[in-house]
Amino acid sequence: MRPVACSALRLCVRSRCRPGTFVVQRRGFVSKLDQAPEIYDVVCVGGGPAGLGLLAALRASSATSKLRVALVETQDLRKARTWNSAPHEFSNRVSSLTPSSVSFLQRIGAWDYLDTNRAQNYQEMKVWDGETGSRLSFDWSMETSPFEDLRTVATMTENVNLVRSLLLRIEKSGDENLSIFGNSTVSSIENGINYHPDGPNLSAWPVLSISPTQQQQQQQQQPSRIAARLLVGADGINSPVRRFADINTDGWDYGRQGVVATLALSEPDPTPFPLGTRTAFQRFLPSLGGPIALLPLPNNHATLVWSTTPENAAYLKSLAPKAFIAMVNAAFRLEMADLKYMMRMERQSSTSAADTEDLHESELVWRLQHTPLPSHIPPMVTSVQEGSVASFPLRFRHASTYVSPRVALVGDAAHVVHPLAGQGLNLGLGDVASLSNTIEYAVTHGMDVGDILTLERYSAERYGVNAKIGGVCDMLHKLYNVPGQGPVTWARSLGVEAIERLPLVKAFLMRNAES
Amino acid sequence: MTPFRRVTLTTHTLTSFLRTATPHRLYSTGTAPSSVSADELSHFSALASSWWDPMGPSRVLHLMNPLRHEFIASCLAEGPPAHGQQQQPEQGQANLHYLDVGCGGGIFAESLARTIPSTKNKTVTPTRAASITALDPSTTLIQIAREHARIDPTVDMHLRTGRFSYQNRTLEDLIESFSDSNEKKQFDIVTLFEVLEHIDPSTSSPLAFLTNCLRLVKPGGWLVGSTIARSFPSFLVNQVIAEAPWPIGVVPRGTHEWSKFVNPDEVKGWVQEGLMRGRDGTAEKAGSEALQGSMWKCEGVMYFPGLGWKIVKGSEDWGNYFWAVRKGV
Numbered sequence: 001m002r003p004v005a006c007s008a009l010r011l012c013v014r015s016r017c018r019p020g021t022f023v024v025q026r027r028g029f030v031s032k033l034d035q036a037p038e039i040y041d042v043v044c045v046g047g048g049p050a051g052l053g054l055l056a057a058l059r060a061s062s063a064t065s066k067l068r069v070a071l072v073e074t075q076d077l078r079k080a081r082t083w084n085s086a087p088h089e090f091s092n093r094v095s096s097l098t099p100s101s102v103s104f105l106q107r108i109g110a111w112d113y114l115d116t117n118r119a120q121n122y123q124e125m126k127v128w129d130g131e132t133g134s135r136l137s138f139d140w141s142m143e144t145s146p147f148e149d150l151r152t153v154a155t156m157t158e159n160v161n162l163v164r165s166l167l168l169r170i171e172k173s174g175d176e177n178l179s180i181f182g183n184s185t186v187s188s189i190e191n192g193i194n195y196h197p198d199g200p201n202l203s204a205w206p207v208l209s210i211s212p213t214q215q216q217q218q219q220q221q222q223p224s225r226i227a228a229r230l231l232v233g234a235d236g237i238n239s240p241v242r243r244f245a246d247i248n249t250d251g252w253d254y255g256r257q258g259v260v261a262t263l264a265l266s267e268p269d270p271t272p273f274p275l276g277t278r279t280a281f282q283r284f285l286p287s288l289g290g291p292i293a294l295l296p297l298p299n300n301h302a303t304l305v306w307s308t309t310p311e312n313a314a315y316l317k318s319l320a321p322k323a324f325i326a327m328v329n330a331a332f333r334l335e336m337a338d339l340k341y342m343m344r345m346e347r348q349s350s351t352s353a354a355d356t357e358d359l360h361e362s363e364l365v366w367r368l369q370h371t372p373l374p375s376h377i378p379p380m381v382t383s384v385q386e387g388s389v390a391s392f393p394l395r396f397r398h399a400s401t402y403v404s405p406r407v408a409l410v411g412d413a414a415h416v417v418h419p420l421a422g423q424g425l426n427l428g429l430g431d432v433a434s435l436s437n438t439i440e441y442a443v444t445h446g447m448d449v450g451d452i453l454t455l456e457r458y459s460a461e462r463y464g465v466n467a468k469i470g471g472v473c474d475m476l477h478k479l480y481n482v483p484g485q486g487p488v489t490w491a492r493s494l495g496v497e498a499i500e501r502l503p504l505v506k507a508f509l510m511r512n513a514e515s
Numbered sequence: 001m002t003p004f005r006r007v008t009l010t011t012h013t014l015t016s017f018l019r020t021a022t023p024h025r026l027y028s029t030g031t032a033p034s035s036v037s038a039d040e041l042s043h044f045s046a047l048a049s050s051w052w053d054p055m056g057p058s059r060v061l062h063l064m065n066p067l068r069h070e071f072i073a074s075c076l077a078e079g080p081p082a083h084g085q086q087q088q089p090e091q092g093q094a095n096l097h098y099l100d101v102g103c104g105g106g107i108f109a110e111s112l113a114r115t116i117p118s119t120k121n122k123t124v125t126p127t128r129a130a131s132i133t134a135l136d137p138s139t140t141l142i143q144i145a146r147e148h149a150r151i152d153p154t155v156d157m158h159l160r161t162g163r164f165s166y167q168n169r170t171l172e173d174l175i176e177s178f179s180d181s182n183e184k185k186q187f188d189i190v191t192l193f194e195v196l197e198h199i200d201p202s203t204s205s206p207l208a209f210l211t212n213c214l215r216l217v218k219p220g221g222w223l224v225g226s227t228i229a230r231s232f233p234s235f236l237v238n239q240v241i242a243e244a245p246w247p248i249g250v251v252p253r254g255t256h257e258w259s260k261f262v263n264p265d266e267v268k269g270w271v272q273e274g275l276m277r278g279r280d281g282t283a284e285k286a287g288s289e290a291l292q293g294s295m296w297k298c299e300g301v302m303y304f305p306g307l308g309w310k311i312v313k314g315s316e317d318w319g320n321y322f323w324a325v326r327k328g329v
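Just so you know, the sequences run in chain order A and B. Position one of the first sequence corresponds to residue 1 (full-length UniProt numbering), numbered consecutively onward. Position one of the second sequence corresponds to residue 1 (full-length UniProt numbering), numbered consecutively onward.
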C-alpha cells in the first residue's frame, strides 16, 4: 500500500490511501480491482533527468504547483538524493548541457542545487576529420565582443549531480500533492473502468499498479493503484508507457558502442587565452567506426566518448590503463593506418606490473616521432579513473507519435539519437520544458491536461525539432563512416571547409547546435 | 482549413437533426433507458462522440475555447466586477459566478468548471470562477455534456457539489423561475458563445434576448459573447467554401444562415438599448444614465490552418469576433 522509499526523503511522504469525496468505495464487497484507484493529475514513470525535470518544472510554476503529481522509479532515489563524490573523481555518465538546457534548469530553480564546482563550461569546440584533417571549429568567442563574457558552448555535468539537484529542488517544493514511489516498478498499466454509475467514469484513464522492487517485497504486500489524468512516459528506450499506449517506434541499431571513461589530462600547452577557456575536442575516425570526443571536466579532467565498433570497444575495455591511455592519445594524433595497427596489437597480460613498459605506450611514442601534429589537439591524457571505462550500445529510435489520449512520451521513450553531438539529454530537457509549458497553458485555460487537444501542442512543438536533430546526427554518423580516400571523403571535407568559410552558414549551424 | 470558419456548426446540425428525426425528444426530460429505442441510442452515441471528438467537426470550436478564457480574463483585468459593498474586489480570488447560455455539449462550461478551485487544488486562474450554471434547451446536448463531464473527476465533483450545473431549460425559463422564487438572482459573468446568430426571429429577437441576458448580470459584471459578422468574407468562407461538397466543405448544406449573422455595431446598439431597458424594467428607455460606467469591448479573431485561432486587431468587422459589455456599477 505504501512505498517505503519515503521515510528518509521528506518529499516522498505519501498520504494514506483514502476514499475521495467523489469516489464511492465498496470496501469488503468487491475485489480490489473494482475499487476506484487514487487519482493523480500527472503520473511520471521514470525518475531520470527528464522525469524529474518535468516534476520540478511543474512544482516551480504557480499555475501547476498544486497539481497532484506522482513519480515512479525503479532505482533507490534516496541514494541519488544523498550522492556524494570526492572532488577529483567523476562519474562516467556525463552530459553536455546546452545554454538553453541550463536556462531551463535555472528557470525552474534546480540550478541552485547543482554542485557547480563539479560542472565545467567550455567555450570552444574543435572538430576535425581524422581521414583528411579538414577542420570545423566552433569558436563562440569569435562572435562576442571583447567586453562580453566568453560565450559558453555547453556545460559538462555529471548526470548524478543533475539528478540530485532536481531531487533537492522537488524536495524544496514541499510534499503536498506529491508522491514519489522510489524502489518501485509499474507492474501493469490498464484502462480504468466506470467504477460506479454515480461516480466519475475512468474508463479512458490509465490506471497503474505499482509494486515495490524485489528487495522491498517483504515489507510491502499489495500494489498501489493510481489513475493518471496524464501519464508521462520518461521511462527510457524500452518504455512500458509507450507499449501501453500502443505507440510504434522506428529506428535501428548503429552496430556501434560508445566507450566512456573519466580521464585526467596534462596542463594545457600553451595556456588558453583568455584564462579559464576550455575546449572540447572531437576527431572523426572513419576507419574505426565513429568519432572520439574529449569533453572537459573541472581540474583538468575530461570525459571520453568514443563511438566505435563492438570489437574495438571490447578491445579498448580489455586494455590495461596505460595501454588504454596510449590508445586515446593515439586516436587524437595518429594517422588512420597507424591507429588500425595499434587497435590490433597483442594485449599484454594483466599481470604485468605497472612499472614495466607498456607496448601501446612505446608504440605511440615511436610513431609520434614520425607524425606531423596539427595545432588543435587536446592535451595528453595522463591517467584514467579506475573503474570508469564502460560502454553502451548506440541506437537510433523515434516514436511514431509522442502523444495519445492521456499519454505523453518524453526523452528516450520518445527518441534516442547518436551521441556524437551530445544532444540526447538536451532533447529530453527540451521535451520537458515544452510539456510543462503545455500543461501550464492547459491549466490556466481550463483544458484537461490529458486531453489530446492539450497534448498536441506539445507534440507539434517537439516532434519536428527532435526529428531534425536526430536526422543531422544520423547523417553525420553515416558521412563520417566512409573510410579511405574517395568521392564521399572529398565531398565531406569540401563541405566542411565550405561551412568553415561561410560565416553565415556556420553561425546558423552553431545556433542550431546551441539551442 | 479555412479562415473565419463558422464554428457552431455542430450545435446547428444536432438541433436540426433532432427537430426532424425526434421532435418529441427535444423537450422531454426523461432519461430512463427503458423508453429509448436501441436505434435512438446508437444515434445518440454517434452524435455524442462527434461533439467531443477532437478531430471531428467541432475541432475548430474546441481550438477556439482557450481564447474565450483569455478574452474573459482581459475583460476582468479592464473592469473587475464589484463584489458586495467593496468597490475594489480582491484580485486573485475565485469568487465570480458564471452563467453560460446555450452551452451545447459543454465545451466552454466544462472547461470553466475545471478551473473552479477544489479542496485538493486551490489554484485560481485569471477567469476566477467560483461557480457556473450552464443552460441549453436541447435535452440531447445536455445529456452529452453531463456524460462527458463524468470523464473528469474534478468536474464531476463540482457537478455533485453544485458549484457546476447543467440545466435543460431556456433563458426565459430560468428568469421565470427566479421571479417565482422572488429572489433577485444575478451573475458576475454571463456568456453567450456562438449563440446570438442562432436566435429564431419568429419567436424572439436579438434585442429582447440580450436584454434578458443583461438583466441577469450584476452591476459591474460582464456579458461576454462571440459571434460572426455579416460580411462578404464571412459569406464566402461560411456559405460558399465551408458548405461546398466534400472534400472542400466540412459542414452539411444549410448549416449557416448568413443573413442571421450580426455585426459588432449592431450588437453594441442592442446591448446599449438592453442596458437602458433593463434599468427601468419596462420597454421604455431610461436614458443615457443607464450606460454610465458601462464598457464595450470587441476583438476580431481569425483561424489560421495549422496555427489555430489568433486575435487580429480590426478583423471584427470581417468574421468571427468576441464582444463584451460591462454593466455600470
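Where is the CB? At the ideal position from N, CA and C, for every residue including glycine.
Where does Asp269 (chain A) sit, in a helix, a strand or coil, going by DSSP?
-> coil
Using a C-beta cutoff of 8 angstroms, does Leu247 (chain A) count as contacting chain B?
-> The question names Leu, but residue 247 (chain A) in the sequence shown is Ile. No, no contact with chain B.
Cβ of Ile199 (chain B) within 8 angstroms of Cβ of Tyr166 (chain B)?
-> no
Identify each residue in the region 437–455 of chain A for which the Cβ-Cβ distance to at least one residue of chain B is less than 8 angstroms, and report them in chain order.
-> Tyr441, Val443, Thr444, His445, Gly446, Met447, Asp448, Asp451, Ile452, Leu453
Partners in chain B for Arg68 (chain A), counting only beta-carbon separations shorter than 8 angstroms | Lys120, Asn121
If you scan the region 354–442 of chain A from start to end, which runs of the alpha helix (DSSP H) of 4 or more residues do you find wholly inside it?
-> 359–368
Pro117 (chain B) and Ala94 (chain B): beta carbons closer than 8 angstroms?
-> yes
Look at the alpha carbon of Lys329 (chain A) and the alpha carbon of Asp269 (chain A), and state the distance between them as a whole number of angstroms.
-> Per the sequence shown, the amino acid found at residue 329 (chain A) is Asn instead of Lys. If I take the Cα positions, the gap works out to 15 angstroms.
Based on Cα-Cα distance, which residue from A:Gln214, A:Trp83, A:Ile377 lies nearest to Leu166 (chain A)?
-> A:Trp83
Compute the beta-carbon to beta-carbon distance between Glu257 (chain B) and Leu207 (chain B), rounded to the nearest angstrom, for a pair I have assumed lies under 8 angstroms.
-> Glu257 (chain B) to Leu207 (chain B), Cβ: 18 angstroms. No contact.
Mapping DSSP to helix, strand and coil, what is Val124 (chain B)?
-> coil
Can you pull the chain A residues whose beta carbon is under 7 angstroms from the beta carbon of Arg150 (chain B), in chain order?
-> Pro200, Asn201
Consult DSSP for Asn320 (chain B) and reduce its assignment to one of helix, strand or coil.
-> strand
In the DSSP assignment, what residue or residues form a beta bridge with residue 332 (chain B)?
-> Not covered by the structure: residue 332 (chain B). The range shown for chain B is 1 to 329.
Tell me whether the beta-carbon of Ile132 (chain B) lies closer than 8 angstroms to the beta-carbon of Leu159 (chain B).
-> no
Does the separation of the CB atoms of Gln282 (chain A) and Ala264 (chain A) fall below 8 angstroms?
-> no
What are the start and end residues of each continuous alpha helix (DSSP H) run of 4 or more residues lying completely inside the region 114–190 of chain A, in chain order?
-> 159–172
Report the rounded CA-to-CA distance for Leu96 (chain B) versus Thr154 (chain B), giving the unit in angstroms.
-> 18 angstroms
Hey, quick one: how far does the alpha helix (DSSP H) through Gln143 (chain B) stretch, first residue to last?
-> 139–149
Can you list the residues of chain A that Asp200 (chain B) reaches, using a CB-CB cut of under 8 angstroms?
-> Those do not exist, as Asp200 (chain B) stays about 30 angstroms from chain A at its closest Cβ, beyond 8 angstroms.
Can you tell me which of the three DSSP states Pro80 (chain B) falls into?
-> coil
Cβ-Cβ distance between Ala433 (chain A) and Phe90 (chain A) below 8 angstroms = no
Between which two residues does the alpha helix (DSSP H) harbouring Gln106 (chain A) extend?
-> 99–107
Does any CB atom of chain A fall closer than 8 angstroms to the CB of His69 (chain B)?
-> yes
How is the beta strand (DSSP E) around Ala228 (chain A) delimited, first residue to last?
-> 224–233
Exposed or buried, which one is Gln423 (chain A) when buried takes at least 16 other CB atoms within 10 Å?
-> buried
Residues bridged to Trp222 (chain B) by DSSP?
-> B:Ile189, B:Arg326
Using three-state DSSP, classify Trp83 (chain A) as helix, strand or coil.
-> coil
Return the residues of the region 159–191 of chain A that lie within a Cβ-Cβ distance of less than 8 angstroms from chain B, sorted by chain order.
-> Asn177
Cross-chain neighbours of Ile39 (chain A) in chain B, by beta carbon under 8 angstroms = Pro153
Applying a beta-carbon distance threshold of less than 9 angstroms, which residues of chain A neighbour Arg128 (chain B)?
-> Within 9 angstroms Cβ-Cβ: nothing; Arg128 (chain B) doesn't reach chain A, min ~12 angstroms.
Taking the CB atoms as reference points, tell me whether Val389 (chain A) and Val259 (chain A) lie closer together than 8 angstroms.
-> yes
Anything in chain B within Cβ reach of Ala204 (chain A), meaning under 7 angstroms, just list it in chain order.
-> Ile151
Give the C-beta separation of His360 (chain A) and Ala323 (chain A) to the nearest angstrom, bearing in mind that I take them to be a contact with Cβ-Cβ under 8 angstroms.
-> 4 angstroms
How long is the line joining the alpha carbons of Gly46 (chain A) and Asn183 (chain A), rounded to whole angstroms?
-> 11 angstroms
Compute the Euclidean distance between the alpha carbons of Asn191 (chain A) and Val232 (chain A), then round it to the nearest angstrom.
-> 15 angstroms
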